[in-house]
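Note that the sequence shown covers residues 2 to 331 in the working numbering. No residue lacks a Cβ here, since even glycine has one placed at the ideal position from N, Cα and C. Before any comments, here is the structure.
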Amino acid sequence: MIVLVVGGAGYIGSHCVRQLVATGHHPVVLDNMVFGHRGAVEENIPLYEGDLGDCDLVGQILVDEKIELVMHFAAFAYVGESVTDPLKYYFNNVVATLRLLETMLSEGVTKFVFSSTCATFGVPQRMPITEDLPQAPINPYGQTKLDIENVLKSLAHAHGLSFAAFRYFNAAGAAEDASIGEAHNPESHLIPLAIDAALERRPPLKVFGNDYPTPDGTCLRDYVHVDDLSRAHIAAFDKLDKPGTGLFYNLGTGTPNSVLEVLNAVEKVSGKKVPYQMAERRAGDPPELYADSSKAKKELGWEIKYPTLEPIVASAWAWHKNRPNGYDDK
Ligand code: UDP
């Protein structure tokens, strides 16, 4: 399949591009390079620099490249910033995505794979999180993703759009050969920050709260390898042939790990101490979030190659230790 990967130079998008190539598909990348990196996309892959809300550009790419399916990873994803600057999030994550969808439909491209998030569930009533739990986001970031999930349902009904929306838990890790990996600027995620603290590239890590109702008092999250996420996306392609299909999947390993367990895993794989200090809770952090991914396993035959934390952290370590500046481009 010829696939337009919007946000294909970003963290999850670039890993998906690799998987597409590995499984015989033909990716074409569109990225505005705000968070994307040229170095994350191999030189033989067509790479368009531009915005997903630019209908002329997107329309041209869809036609010129004979695109059959669009995967959309291009969103702003800093929860805290979404609270202080919600319009930025609604314009990019909602308005620009509406333009992308409108352009697709007007060019007759009706297959769509959407990167959603467990943040659409807010503070869920029970664990693990199944797809049927009520969605009540507690920040604008989660709300923008839920808004698009709802738009997709309407477009499936009205125009026969076929889509799969994946709610990721905590995407983590790097490619097996450590050639691509996580490189956010600013970085806010636990695993890269802990690795950099171990390497003394950053000050000691702040553990945000140790008085949660969890076994060691720190938050529990479901860390899932970025290549496992990518495989689920591609496994959904076969399900999108029937017009009007709408699929939702929660993607995680199903195993909750605490912040302290993550620090312990970084120490094990690196052989270094992670300097840390206890700090106040971070606003908006639910105590625990972990997935029930049995639907994806059953319906997509999704197999998790990294079911446990340590190999995930080891792959992140292999990438970060040699890349003090990520891709060196910004
Ligand atoms: N966390 C932390 N210190 C940090 C960054 C994150 O204690 O410097 C905690 C955070 O409170 C959460 C977990 O690590 O419980 C994962 O946070 P991250 O930002 O990586 O992902 P999120 O769960 O917010 O999507």
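DSSP-derived helix/strand/coil call for residue i
{"i": "residue 175", "result": "coil"}
{"i": "residue 292", "result": "strand"}
{"i": "residue 60", "result": "helix"}
{"i": "residue 22", "result": "helix"}
{"i": "residue 117", "result": "strand"}
Among the options, nearest to residue i - alpha-carbon criterion
{"i": "residue 58", "options": "3, 12, 30", "result": "30"}
{"i": "residue 302", "options": "187, 7, 237", "result": "237"}
{"i": "residue 284", "options": "27, 124, 98, 65", "result": "124"}
{"i": "residue 107", "options": "72, 80, 56, 85", "result": "56"}
{"i": "residue 33", "options": "14, 234, 273", "result": "14"}
{"i": "residue 265", "options": "299, 247, 219, 298", "result": "219"}
{"i": "residue 234", "options": "300, 191, 322", "result": "300"}
{"i": "residue 171", "options": "49, 313, 215, 51", "result": "313"}
{"i": "residue 54", "options": "242, 105, 147", "result": "105"}
{"i": "residue 78", "options": "111, 116, 69, 112", "result": "116"}
{"i": "residue 1", "options": "153, 137, 261, 46", "result": "Here the chain has residues from 2 to 331 only, and residue 1 is not among them."}
{"i": "residue 44", "options": "307, 28, 293, 75", "result": "28"}
{"i": "residue 65", "options": "75, 49, 169", "result": "49"}
{"i": "residue 270", "options": "174, 73, 134", "result": "174"}
{"i": "residue 241", "options": "114, 263, 19, 274", "result": "114"}
{"i": "residue 282", "options": "211, 319, 217, 215", "result": "211"}
{"i": "residue 73", "options": "84, 85, 46, 4", "result": "4"}
{"i": "residue 276", "options": "214, 325, 200", "result": "200"}
{"i": "residue 186", "options": "326, 25, 19", "result": "326"}
{"i": "residue 112", "options": "243, 267, 138, 273", "result": "243"}
{"i": "residue 8", "options": "47, 307, 268", "result": "47"}
{"i": "residue 118", "options": "307, 110, 317, 76", "result": "76"}
{"i": "residue 215", "options": "92, 322, 190, 287", "result": "287"}
{"i": "residue 22", "options": "42, 160, 52", "result": "42"}
{"i": "residue 308", "options": "256, 324, 272, 322", "result": "256"}
{"i": "residue 82", "options": "205, 272, 189, 51", "result": "189"}
{"i": "residue 52", "options": "96, 70, 152", "result": "96"}
Continuous beta strand (DSSP E) stretch holding residue i: start and end
{"i": "residue 9", "result": "Taken as a continuous stretch (DSSP letters only), residue 9 belongs to no beta strand (DSSP E), as it is neither H nor E."}
{"i": "residue 50", "result": "48–50"}
{"i": "residue 159", "result": "Residue 159 -> not in any beta strand (DSSP E); alpha helix (DSSP H) instead, spanning 141–160."}
{"i": "residue 27", "result": "27–32"}
{"i": "residue 165", "result": "163–169"}
{"i": "residue 53", "result": "First-last for residue 53: undefined, no H or E at that position."}
{"i": "residue 206", "result": "206–209"}
Chain-order list of residues whose beta-carbon lies under 6 angstroms from that of residue i (same chain, five-residue window excluded)
{"i": "residue 249", "result": "132, 166"}
{"i": "residue 12", "result": "183"}
{"i": "residue 98", "result": "149"}
{"i": "residue 157", "result": "245, 247"}
{"i": "residue 100", "result": "54, 56"}
{"i": "residue 179", "result": "319, 320"}
{"i": "residue 68", "result": "3, 5, 110"}
{"i": "residue 191", "result": "263"}
Residue range of the alpha helix (DSSP H) that includes residue i
{"i": "residue 90", "result": "87–90"}
{"i": "residue 314", "result": "310–321"}
{"i": "residue 193", "result": "191–199"}
Beta-carbon proximity list for residue i, same chain, < 7 angstroms, skipping 5 on both sides
{"i": "residue 258", "result": "221, 222, 224, 310"}
{"i": "residue 16", "result": "176, 181, 227, 228, 231"}
{"i": "residue 280", "result": "207, 208, 209"}
{"i": "residue 330", "result": "38, 39, 40"}
{"i": "residue 128", "result": "289, 291"}
{"i": "residue 305", "result": "229, 254"}
{"i": "residue 252", "result": "167, 168, 169, 170, 225, 230, 233, 292, 294, 297"}
{"i": "residue 121", "result": "136, 138, 143, 146, 147, 150, 168"}
Same chain, Cβ closer than 8 angstroms to residue i, five either side skipped, listed in chain order
{"i": "residue 203", "result": "194, 197"}
{"i": "residue 103", "result": "56"}
{"i": "residue 87", "result": "141"}
**OP:** Would you list, in sequence order, the uninterrupted alpha helix (DSSP H) runs of no fewer than 4 residues that lie entirely inside the region 221–298?
**Re:** Whole alpha helix (DSSP H) segments, 4+ residues: 227–236, 260–271.
Original post:
What are the start and end residues of each continuous alpha helix (DSSP H) run of 4 or more residues lying completely inside the region 69–115, in chain order?
Top reply: Counting whole runs of 4 or more residues, the region 69–115 contains the alpha helix (DSSP H) stretches 80–85, 87–90, 98–107.
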